[in-house]
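Down below is the structure, laid out as structure tokens.
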Amino acid sequence: MSAFPSLRTCGYAMLLFALVVAPWAGLYPVLGTKLLCYALFACAFHLLLGYTGLASLGHAAFLGVGGYVAGYGVKMWQLSPELALLAGLGSGALLGVVMGFISIRRSGIYFTMITLALAQMVYFLCVQLPQTGGEDGLQGIDRGRLFGLLDLHDDLTMYYTVLVISVAAFLFIARVVYSPFGQALQAIKDNEPRAVSLGYHPNHYKLIVFTLSAALTGLAGALKAISLGFVTLSDVHWMTSGHALLMTLVGGLGTLSGPVVGALALVTLENKMGALGAGLASLTGFAWFSTLGESVMMIMGIVFVLCVLTFRRGIMGELLSLSRHRPRKTA
Amino acid sequence: MSAPVLETRGLRKSFKGFTAVDGVDLAVQSGHIHALIGPNGAGKTTLFNLLTRFIEPSAGEIHFNGEPVSNLPAKAVARRGMVRSFQISAVFGGLSVLDNVRLALQRKLGVSFHFWRSARVLDRLNEEALTLLDQVGLATLADEAAGALPYGRKRALELATTLAMDPVLMLLDEPTQGMGYEDVERVTSLIKTVSAGRTVLMVEHNMKVVASIADTLTVLQRGRVIASGDYHQVSRNEEVTRAYLGGGRQGGAAA
Ligand SMILES: Nc1ncnc2c1ncn2[C@@H]1O[C@H](COP(=O)(O)OP(=O)(O)O)[C@@H](O)[C@H]1O
Ligand SMILES: [Mg+2]
Chain A
61 MSAFPSLRTC GYAMLLFALV VAPWAGLYPV LGTKLLCYAL FACAFHLLLG YTGLASLGHA
121 AFLGVGGYVA GYGVKMWQLS PELALLAGLG SGALLGVVMG FISIRRSGIY FTMITLALAQ
181 MVYFLCVQLP QTGGEDGLQG IDRGRLFGLL DLHDDLTMYY TVLVISVAAF LFIARVVYSP
241 FGQALQAIKD NEPRAVSLGY HPNHYKLIVF TLSAALTGLA GALKAISLGF VTLSDVHWMT
301 SGHALLMTLV GGLGTLSGPV VGALALVTLE NKMGALGAGL ASLTGFAWFS TLGESVMMIM
361 GIVFVLCVLT FRRGIMGELL SLSRHRPRKT A
Chain B
13 MSAPVLETRG LRKSFKGFTA VDGVDLAVQS GHIHALIGPN GAGKTTLFNL LTRFIEPSAG
73 EIHFNGEPVS NLPAKAVARR GMVRSFQISA VFGGLSVLDN VRLALQRKLG VSFHFWRSAR
133 VLDRLNEEAL TLLDQVGLAT LADEAAGALP YGRKRALELA TTLAMDPVLM LLDEPTQGMG
193 YEDVERVTSL IKTVSAGRTV LMVEHNMKVV ASIADTLTVL QRGRVIASGD YHQVSRNEEV
253 TRAYLGGGRQ GGAAA
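Same order as they appear, the protein sequences are chains A and B. Sequential numbering of the first sequence, starting at 61, is according to this note's numbering. Sequential numbering of the second sequence, starting at 13, is according to this note's numbering.
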């Protein structure tokens, strides 16, 4: 063991440092908050995909329902933010147990299709139920005071609160992956029949990790609802699930930090698209570029194609393999 | 003679009209190394899948330790001590060699569902795991990634992992297949060593291995048992000689 911190520790320290100082270096705190919510969403999604190989297209349901429950609780029952977050987490977990129970018996494309179908049912329920506000969604959700002390109406306080919660959730995921449970999960992913022959029951493990992933997604949804102040149908729309998949693939599948990096990259890209388009339009003289801001879906499609064609391991995957191929100085 | 540890009656498995295992009555005596031989496609692996409850039989019964297990799920049979290996080497490639063995040991600690605890709680299994690895000559490779091991070593690791379950009955599907001469010798004597106090049912094509360690042989052909007994009884059996050993060619690998 080296006395120096490893490359990985340095990487995480740098990322955390960047996130802590970002608002002072010009990052608009509300955008920062949104970035963190999506990063948590992607990490939660990746807990399932990265460690079981199960690609869910149902995670929008957990994000949306977590947000709706938290928002509704604040608006109707004047829940404090901490209770609203807990409610979001709990509703994600509850919905996760039900959807997981139905879907984890299948794998591959069948699993993906079942999660998609179940999430669409949730979507239509959200369209119909009066509590969600239908097409309007829930607007003007009050941030309130955390534990009655911290006034979250201040954007910076909100940002740091979300940062603390996201980091805690990230550490929790890291713990799950490096726990006895995580070992069993890895074994089941590597060779399911062999795990059965050692007395393991794969479906129990898959259901637990599915539920954990759904709970954390519900938390991300609640955080997003409270910090941004609204929840809309687009949160439960299946394209939001696709977004999680895209963020994970762009960041790098199978690495803990991949989804964080992917989420930061894509959400930033999405937000800067309008400015980027305007810049390109004035630079090149093509007026068409100024419409880029409205064609987010097309740009995301292009990013996806580029990712699949050129850097299949994702940003973190490519970086890690680069650092591995470099000759080591010490043994 | 003691009671058989494993007994089947009229075990049958059909795949869409094709009968792969056809009315097999098998009795494996406790403490024996019992070899299951037969040409490719005879139904040996299918029989293993039936015994370990990986697939449903079309008909027939299975008794393990005197109790019917025909209705138990696969993991329950494994927990009762009937542990199998696979014809295609089955290690957990993403885990280290040590972690592979610890995985077989960790269930008994009762922490396998503990997602909130560090994997360091498994460190107390290291000594036991290393002892097992030492038995198969892998102790020095404990920290290697299992997926990166050469083929023969993977099979040895699989054996160590199977042993970690402390099985009453080990079912080994072609444990020496694809191995070089030296590895075959090593694994053969290893099986002999670890069979002390256990029962082994193994599929084996290498007749030298069978002759040197098997107490009993069962010959399977087209899903049926055509002969059973010790090596000399079976090798004198005319049907076996005709069907399998190919008229006096006894030394080589008949596959
Ligand atoms: N899942 C299955 N579906 C259809 N046929 C199968 C299946 N599994 C095995 N078989 C057939 O059963 C026969 C016996 O196969 P197997 O038990 O693997 O033979 P062995 O292990 O003795 O070489 C083969 O003809 C094989 O094609
Ligand atoms: Mg076979």
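For every residue, glycine included, the Cβ atom is placed at its ideal position computed from N, Cα and C.
Closest Cα partner of residue i within the set the options
{"i": "A285 of chain A", "options": "A:S116, A:A247 and A:I201", "result": "A:I201"}
{"i": "G92 of chain A", "options": "A:L139, A:Y219, A:F171 and A:F77", "result": "A:Y219"}
{"i": "I45 of chain B", "options": "B:E251, B:A239, B:V215 and B:L232", "result": "B:V215"}
{"i": "P179 of chain B", "options": "B:T20, B:S97 and B:K56", "result": "B:S97"}
{"i": "F184 of chain A", "options": "A:Q199, A:S294, A:V310 and A:C70", "result": "A:S294"}
{"i": "P16 of chain B", "options": "B:P187, B:G78 and B:R136", "result": "B:G78"}
{"i": "L150 of chain B", "options": "B:H126, B:D195, B:V123 and B:R129", "result": "B:D195"}
{"i": "F232 of chain A", "options": "B:V103, B:V212, B:L110 and B:W128", "result": "B:W128"}
{"i": "A120 of chain A", "options": "A:L309, A:T300 and A:Y88", "result": "A:T300"}
{"i": "Y132 of chain A", "options": "A:L216, A:P190, A:G361 and A:Y98", "result": "A:P190"}
{"i": "S82 of chain B", "options": "B:Q147, B:N52, B:I238 and B:R21", "result": "B:R21"}
{"i": "A90 of chain B", "options": "B:V36, B:S42, B:F125 and B:T174", "result": "B:T174"}
{"i": "H297 of chain A", "options": "A:F77, A:G168, A:A179 and A:V157", "result": "A:A179"}
{"i": "I268 of chain A", "options": "A:F161, A:A99 and A:A229", "result": "A:F161"}
{"i": "N52 of chain B", "options": "B:S70, B:E186 and B:S26", "result": "B:E186"}
{"i": "L279 of chain A", "options": "A:K94, A:G150, A:M307 and A:G259", "result": "A:G150"}
{"i": "F27 of chain B", "options": "B:E156, B:F60, B:I49 and B:I67", "result": "B:I67"}
{"i": "R235 of chain A", "options": "B:L84, B:G241 and B:H126", "result": "B:H126"}
{"i": "G339 of chain A", "options": "A:E330, A:L352 and A:V227", "result": "A:L352"}
{"i": "F290 of chain A", "options": "A:G127, A:R68 and A:L96", "result": "A:G127"}
{"i": "L112 of chain B", "options": "B:L38, B:A157, B:V237 and B:E250", "result": "The question names Leu, yet the displayed sequence has Asn at residue 112 of chain B. Among B:L38, B:A157, B:V237 and B:E250, the Cα nearest to that of N112 of chain B belongs to B:A157."}
{"i": "N138 of chain B", "options": "B:Y163, B:A154, B:R24 and B:A54", "result": "B:A154"}
{"i": "L306 of chain A", "options": "A:E330, A:L143, A:R254 and A:S66", "result": "A:E330"}
{"i": "N218 of chain B", "options": "B:T188, B:V212, B:I203 and B:S108", "result": "B:T188"}
{"i": "A47 of chain B", "options": "B:E250, B:Q118, B:A223 and B:R248", "result": "B:A223"}
{"i": "A32 of chain B", "options": "B:G43, B:L18, B:L59 and B:A39", "result": "B:L59"}
{"i": "Y98 of chain A", "options": "A:V368, A:A347, A:R372 and A:A304", "result": "A:A304"}
{"i": "Q215 of chain A", "options": "A:M376, A:K94 and A:T308", "result": "Checking the sequence, you will find Asp at residue 215 of chain A rather than Gln. Among A:M376, A:K94 and A:T308, the Cα nearest to that of D215 of chain A belongs to A:K94."}
{"i": "L258 of chain A", "options": "B:L18, B:I49 and B:M182", "result": "B:M182"}
{"i": "L223 of chain A", "options": "A:L100, A:T292 and A:R68", "result": "A:L100"}
{"i": "L324 of chain A", "options": "A:A78, A:L369, A:E142 and A:G337", "result": "A:A78"}
{"i": "G35 of chain B", "options": "B:Q118, B:G43 and B:K25", "result": "B:K25"}
Partner residues on chain E for residue i, Cβ-Cβ distance less than 9 Å
{"i": "D111 of chain B", "result": "In summary, chain E is missing from the structure at hand, where the protein chains are A and B."}
Rounded Cβ spacing between residue i and residue j (contact assumed at less than 8 Å)
{"i": "K87 of chain B", "j": "H261 of chain A", "result": "5 Å"}
{"i": "V221 of chain B", "j": "T253 of chain B", "result": "That pair is no contact at about 19 Å."}
{"i": "G204 of chain A", "j": "L212 of chain A", "result": "6 Å"}
{"i": "G302 of chain A", "j": "L107 of chain A", "result": "Not quite, the Cβ-Cβ distance comes to about 18 Å (not below 8 Å), so this is no contact."}
{"i": "S167 of chain A", "j": "I174 of chain A", "result": "At roughly 10 Å, the Cβ-Cβ gap does not stay under 8 Å, so S167 of chain A and I174 of chain A are not in contact."}
{"i": "Q243 of chain A", "j": "A131 of chain B", "result": "6 Å"}
{"i": "G152 of chain A", "j": "V134 of chain A", "result": "Not confirmed; about 16 Å, so no contact."}
{"i": "G374 of chain A", "j": "K249 of chain A", "result": "With a Cβ gap of about 18 Å, G374 of chain A and K249 of chain A do not count as contacting."}
{"i": "E170 of chain B", "j": "S101 of chain B", "result": "6 Å"}
{"i": "L272 of chain A", "j": "G110 of chain A", "result": "That pair is no contact at about 13 Å."}
{"i": "L213 of chain B", "j": "A54 of chain B", "result": "Not quite, the Cβ-Cβ distance comes to about 15 Å (not below 8 Å), so this is no contact."}
{"i": "G156 of chain A", "j": "A275 of chain A", "result": "6 Å"}
{"i": "E251 of chain B", "j": "I238 of chain B", "result": "5 Å"}
{"i": "S381 of chain A", "j": "L67 of chain A", "result": "With a Cβ gap of about 13 Å, S381 of chain A and L67 of chain A do not count as contacting."}
{"i": "V227 of chain A", "j": "L76 of chain A", "result": "7 Å"}
Bridge partner(s) assigned by DSSP for residue i
{"i": "T211 of chain B", "result": "B:L181"}
{"i": "F27 of chain B", "result": "B:F30"}
{"i": "R21 of chain B", "result": "B:E73"}
{"i": "L38 of chain B", "result": "B:T20"}
{"i": "Q233 of chain B", "result": "B:R236"}
{"i": "I5 of chain B", "result": "Lying before the first or after the last residue shown, residue 5 of chain B is absent from chain B, which here runs from 13 to 267."}
{"i": "L206 of chain A", "result": "A:L210"}
{"i": "G241 of chain B", "result": "B:L229"}
{"i": "L198 of chain A", "result": "A:V291"}
* Asked: Listed in chain order, which residues are found with a beta carbon closer than 5 Å to a heavy atom of ligand 1?
  -> That query returns the following residues: B:F27, B:A32, B:N52, B:G53, B:A54, B:G55, B:K56, B:T57 and B:T58.
* Asked: Quick one: complete alpha helix (DSSP H) runs, 4+ long, within the region 69-115 of chain B?
  -> 86-91
* Asked: What are the complete alpha helix (DSSP H) segments, minimum 4 residues, inside the region 144-201 of chain B?
  -> Listed in chain order, the complete alpha helix (DSSP H) runs (minimum 4 residues) inside the region 144-201 of chain B are 163-176.
* Going along the chain, which unbroken runs of the alpha helix (DSSP H) with 4 or more residues stay wholly within the region 279-322 of chain A? -> Fully enclosed alpha helix (DSSP H) runs of 4 or longer: 298-311.
* To do: Scan the region 95-140 of chain A and note each continuous alpha helix (DSSP H) run of 4 residues or more that stays entirely inside, going in chain order.
  => 119-137
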